[in-house]
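Our numbering numbers the first residue of the sequence shown as 151 and each following residue consecutively. Let me begin by presenting the structure, written as structure tokens, before commenting on it.
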Amino acid sequence: MSSATRAARRAPPWKQAAFTIGAWTAVGLFRAVERYTLDPVSSERLEFGFREALAQNLLFSYIWAAFTPLVADLARRHPISGGPRPRIFAIHLGASAVFAVGHGTIFALAYPALMGMPFGFLRQLRAVPSVLTIFLFANLLTYWGVVGVCWAIQAVRLSRERELRASQLEAQLAGARLVRLQTQLHPHFLFNALNSVLPLVFRDREAAARTISRLEELLRRSLEADAAQLVPLSRELEFLEMYVEIQTTRFQDRLKVAFDVPPELSSARVPNLILQPLVENAIKHGVSAQPGCGRVEISARKEKGMLVLRVRDDGPGLGDAPRPGGSGLGLANTRARLEQLYGSDQRLHLENVAAGGLEVTLGLPFSTGSDGKRVETSPL
151 MSSATRAARR APPWKQAAFT IGAWTAVGLF RAVERYTLDP VSSERLEFGF REALAQNLLF
211 SYIWAAFTPL VADLARRHPI SGGPRPRIFA IHLGASAVFA VGHGTIFALA YPALMGMPFG
271 FLRQLRAVPS VLTIFLFANL LTYWGVVGVC WAIQAVRLSR ERELRASQLE AQLAGARLVR
331 LQTQLHPHFL FNALNSVLPL VFRDREAAAR TISRLEELLR RSLEADAAQL VPLSRELEFL
391 EMYVEIQTTR FQDRLKVAFD VPPELSSARV PNLILQPLVE NAIKHGVSAQ PGCGRVEISA
451 RKEKGMLVLR VRDDGPGLGD APRPGGSGLG LANTRARLEQ LYGSDQRLHL ENVAAGGLEV
511 TLGLPFSTGS DGKRVETSPL
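So this is what it looks like as structure tokens:
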């Protein structure tokens, strides 16, 4: 989920401010009552009784209410899972000292004025070290308490977002299977594939048997319920090779398909069945649209931490208008799956090739994870 989406889901600023002030008011009232009723020694020393206890604790709380947005921002920028833990704790240890000094200084200067005490400014300044010492432990404890609450909220929010994304992906993949059967492996493809097999039955029975076997495997893999959202690139290419073999039987010498995938990229994870609709589109609009031999190239490269997949044909290209179906269900479904899996960390781009034809480029975060699931690492 993108940062913009997360920001949109947060409460409006005025609600956050109201909640913060309300929470700190409750803390101040509780502490005032607790101190006044449970600490009789201190209560006897209070010249104004409960009024002074209330003023002290509310002032303490409201200063922290003003600091809370800053502390929460630090907690978001430096979460406990956002890097090496010694570095994270060092950052927050330094920040806690700064906030403790700031809180003690403000309290020492504001409290006499709040209570109407006739202290001069210099006398109040001289009281700052004493106030810092008195409130040091309480301020440090308060800072880490606020950070802990923020981290807990982040963990709950991240867990909910992951659950939501997982449920959306399940629904999206279920829809993708239906769309693939209805619009990608549509009846005319099956009809043409079977027609390609028929002459082979009389001319080359072994080739016919291989083609039927490939067609059966192709349909089986399309229909099988695979829990993994991501698969190794090698598996994706195996499926694609079966699909290409069937299409080659149909087009015979009119279709040439080339794969350019370095072996070291075979374990890279890609969305299941992400290349087939792009290759079908290249064959349909690139090869079928020209009378002679057509060529389709599938390549993979690792570029700047991204896995870049390209499908290129030497057909007529986009021309002055998009290809029919170029913005249809197949491409829209592919875009939606990429968005669900990778958010903004992906790209799908179509452009004409200078020498003729169209090139479709997919850019995905490079990963070789073994569980078939993308690991969320971005902080809130």
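All C-beta atoms in this analysis are idealised placements derived from N, C-alpha and C, irrespective of residue type, glycine included.
{"Query": "Beta-carbon proximity list for Q334, same chain, < 8 Å, skipping 5 on both sides", "Result": "Reliability of the predicted coordinates at Q334 is poor, the pLDDT of 47 falling under 50, and the value obtained from them is presented with this limitation in mind. So the list reads Q426, P427, E430 and G480, once near-sequence residues are dropped."}
{"Query": "Cβ contact check for the region 158-177 and the region 205-219: 3 or more pairs under 8 Å", "Result": "yes"}
{"Query": "Within 9 Å, strictly: CB atoms of G513 and D463", "Result": "no"}
{"Query": "Integer Cβ distance of T518 from S417, believed to fall under 8 Å", "Result": "5 Å"}
{"Query": "Contact under 9 Å by Cβ, G444 with F401", "Result": "yes"}
{"Query": "C-beta atoms of I433 and V420 nearer than 9 Å", "Result": "no"}
{"Query": "Closest residue to V381 among L348, K406, L423 and T398 (Cα-Cα distance)", "Result": "L423"}
{"Query": "Burial state of G455 (16 or more Cβ within 10 Å)", "Result": "exposed"}
{"Query": "C-alpha distance - A486 paired with A167, whole-angstrom precision", "Result": "36 Å"}
{"Query": "Cβ-based neighbour list, F409, same chain, cut-off 7 Å, excluding 5 preceding and 5 following", "Result": "L387 and I448"}
{"Query": "C-beta neighbour in chain B for E202, strict 9 Å", "Result": "Given the protein chain composition of this structure (a single chain), no chain B is represented."}
{"Query": "Proximal residues to L350 (C-beta, below 6 Å), its chain only, five neighbours per side dropped", "Result": "A357 and A358"}
{"Query": "Beta-carbon proximity check, A258 vs A277, cutoff 9 Å", "Result": "yes"}
{"Query": "Residue nearest to K406 in terms of C-alpha spacing, selected from F389, G436, P413 and Q379", "Result": "G436"}
{"Query": "Nearest-angstrom Cα separation, counted from A302 out to R226", "Result": "11 Å"}
{"Query": "Nonlocal neighbours in the same chain, by C-beta distance under 7 Å from M392, ignoring five residues either side", "Result": "R364, E367 and L368"}
{"Query": "Completely contained beta strand (DSSP E) runs for the region 432-496, where each covers 3 or more residues", "Result": "444-453 and 456-463"}
{"Query": "Per DSSP, the bridge partner or partners of D410", "Result": "S449"}
{"Query": "Simplified DSSP state of L508, which is helix, strand or coil", "Result": "strand"}
{"Query": "Beta-bridge pairing of T242 - partner residues as DSSP gives them", "Result": "First, the residue type needs correcting, since residue 242 is His and not Thr in the sequence shown. H242 pairs with nothing; no bridge assigned."}
{"Query": "Separation of P219 from V296, as counted between CA atoms", "Result": "10 Å"}
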